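**Q**
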Amino acid sequence: MNTSPIITMFDRITPTYDKLNTWFSFGLDAYWRKEIIKAIPVKQGRILDSCTGTGELAHLMAEKGYEVIGIDLSLSMLELAKKKGRKENKAEFYQADALKLPFPDHFFQAETSAFALRNLPDLNQAFQEAYRVLVPGGTALFLDLTTPDLPWIRPFHSFYLTTILPFIGGKVSKDPEAYHYLGTSILRFQSRAQIAQTLTSSGFREVQISLLSGGIATLWKALK
Ligand SMILES: C[S@@+](CC[C@H](N)C(=O)[O-])C[C@H]1O[C@@H](n2cnc3c(N)ncnc32)[C@H](O)[C@@H]1O
Numbered sequence: 015m016n017t018s019p020i021i022t023m024f025d026r027i028t029p030t031y032d033k034l035n036t037w038f039s040f041g042l043d044a045y046w047r048k049e050i051i052k053a054i055p056v057k058q059g060r061i062l063d064s065c066t067g068t069g070e071l072a073h074l075m076a077e078k079g080y081e082v083i084g085i086d087l088s089l090s091m092l093e094l095a096k097k098k099g100r101k102e103n104k105a106e107f108y109q110a111d112a113l114k115l116p117f118p119d120h121f122f123q124a125e126t127s128a129f130a131l132r133n134l135p136d137l138n139q140a141f142q143e144a145y146r147v148l149v150p151g152g153t154a155l156f157l158d159l160t161t162p163d164l165p166w167i168r169p170f171h172s173f174y175l176t177t178i179l180p181f182i183g184g185k186v187s188k189d190p191e192a193y194h195y196l197g198t199s200i201l202r203f204q205s206r207a208q209i210a211q212t213l214t215s216s217g218f219r220e221v222q223i224s225l226l227s228g229g230i231a232t233l234w235k236a237l238k
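Just so you know, the sequence shown maps onto residues 15 to 238 in my numbering.
Right, dumping it as C-alpha cells:
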C-alpha cells in the first residue's frame, strides 16, 4: 500500500517502539492514554483507533468493553498489535490510511489517535475523514506531544528532544535518524490553536484543548 519514508521508518523501529515510548515519557504515555479513554463520552460503542501503532490504546479500550478497530499503514506495527491483547474483548486491526478511511459514513461513536498527528502529511484531510466516519454527535480525541507552556522549561525540553532522545533512541533502536526525526517533529509541530482551527474548519462544531503534564502533551476533543 503506502511505502512513504515515514511508514518504512515506523516499520524499522517497531521492535523497540513500546519500550522507548515508555522510557522517553518516563511512563507518562500510559497516563496520557488513560486520559484519552476518560474523555470518551460514551460507555460503549464502536471506536476507531487511527494510526494505532502497536495497538496499546486500542487494546486498553477493548478491555473496557468498547468494540475497537485499529488501523495503521505500518504492517510490522500491526503485526505486533495483533499479537497483543486478551482472547476476549480483542481489538481488530487492519492496514488502512488515516487520510482515506475504508469505512462508511457515520460508522463510529468515537475516533481516537495518539502520538500520530505530527506524522500525517495532511491534517485537514485526516480530520475530514474522522468527521465523515463519526455518527452525528460523535467525538474525535487526538493526543500528541507538544511544546510545554512554561518558557523556562522549553530549553530543557528542546535539549532533551534534539540531543538525548536521538542519542539513546539511536543506540537502542539502531536508528538514530528515526529518533532525530521524532524529536524535532515535536518542536516543529503546529500550535495547539492551529490544530483546533483545522478541526473546526474540517466541520467539528466544538473543540476543547486540554494540556497534560504541563503541556508536553495535548488532548484535542472535537465534537461532531
Ligand atoms: C508515533 S506512532 C503512534 C502509535 C500509537 N498510536 C501509540 O499510541 O503509540 C504513529 C503511527 O502512525 C502510523 N501512521 C503514519 N501515517 C499514517 C497514515 N497516513 N495512516 C495510518 N497510519 C499512519 C505509523 O505507522 C505509526 O504506527
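Ideal placement from N, C-alpha and C gives every residue a C-beta, glycine not left out. These numbers were taken from a predicted model, which means no experiment stands behind them.
If Pro3 sits next to Ile230, beta carbons under 8 Å apart, how far is it from one beta carbon to the other, in whole angstroms?
**A** Since the first residue of the chain shown is 15 and the last is 238, residue 3 is not available in this structure.
**Q** Just to confirm the assignment, what range does the beta strand (DSSP E) spanning Gly152 have?
**A** Taken as a continuous stretch (DSSP letters only), the beta strand (DSSP E) holding Gly152 covers Leu148 to Leu159.
**Q** Can at least three beta-carbon pairs, one atom from the stretch 63-80 and one from the stretch 102-122, be found at a separation below 8 Å?
**A** Yes, since at least three Cβ pairs between the stretch 63-80 and the stretch 102-122 fall closer than 8 Å, the two stretches touch.
**Q** Pop quiz: Met23 and Tyr174 are said to be a contact at Cβ under 8 Å. What is the actual Cβ separation, rounded to whole angstroms?
**A** Rounded, the Cβ-Cβ distance is 20 Å, inconsistent with contact.
**Q** Given this structure, state the Cα-to-Cα distance separating Thr160 from Arg202, to the nearest angstrom.
**A** The straight-line gap from Cα to Cα measures roughly 9 Å.
**Q** Counting beta carbon pairs with one atom in the stretch 212-222 and one in the stretch 180-193, are three or more of them shorter than 8 Å?
**A** No, the stretch 180-193 is not in contact with the stretch 212-222.
**Q** By Cβ distance below 6 Å, which residues in the same chain neighbour Glu81 in space, the five residues on each side in sequence not counted?
**A** The answer, listed in chain order, is Arg60.
**Q** When you compare each of Thr66, Asp119 and Glu70 to Tyr45 by their alpha carbons, which one comes out closest?
**A** Comparing Cα-Cα distances from Tyr45 to each of Thr66, Asp119 and Glu70, the minimum goes to Glu70.
**Q** Looking only at DSSP bridge pairs, what is Gly84 linked to?
**A** For Gly84, which the question treats as bridged, DSSP gives the partners Asp63 and Phe107.
**Q** Could you compute how far the alpha carbon of Pro206 sits from the alpha carbon of Leu94?
**A** In the sequence under discussion, the amino acid at residue 206 is Arg, which differs from the Pro named in the question. Computed Cα separation, rounded: 31 Å.
**Q** Check whether the Cβ of Asn138 sits closer than 6 Å to any heavy atom of ligand 2, and report yes or no.
**A** Of the ligands this structure carries, namely ligand 1, none is ligand 2.
**Q** Considering only C-alpha positions, which residue in the set Leu87, Lys96 and Leu233 is nearest to Ala72?
**A** Out of Leu87, Lys96 and Leu233, Lys96 has the C-alpha closest to the C-alpha of Ala72.
**Q** Does the beta-carbon distance from Thr126 to Met91 come in below 7 Å?
**A** Going by C-beta atoms, Thr126 is not nearer than 7 Å to Met91.
**Q** Going along the chain, which residues of its own chain have a beta-carbon closer than 7 Å to the beta-carbon of Gln123, five neighbours each way excluded?
**A** Cβ within range, chain order: Val56, Gly59, Arg60, Ile61, Val149 and Gly152.
**Q** Checking 7 Å against the spacing of the C-beta atoms, do Arg146 and Asp111 come in under that value?
**A** No, Cβ-Cβ distance for Arg146 and Asp111 is not below 7 Å.
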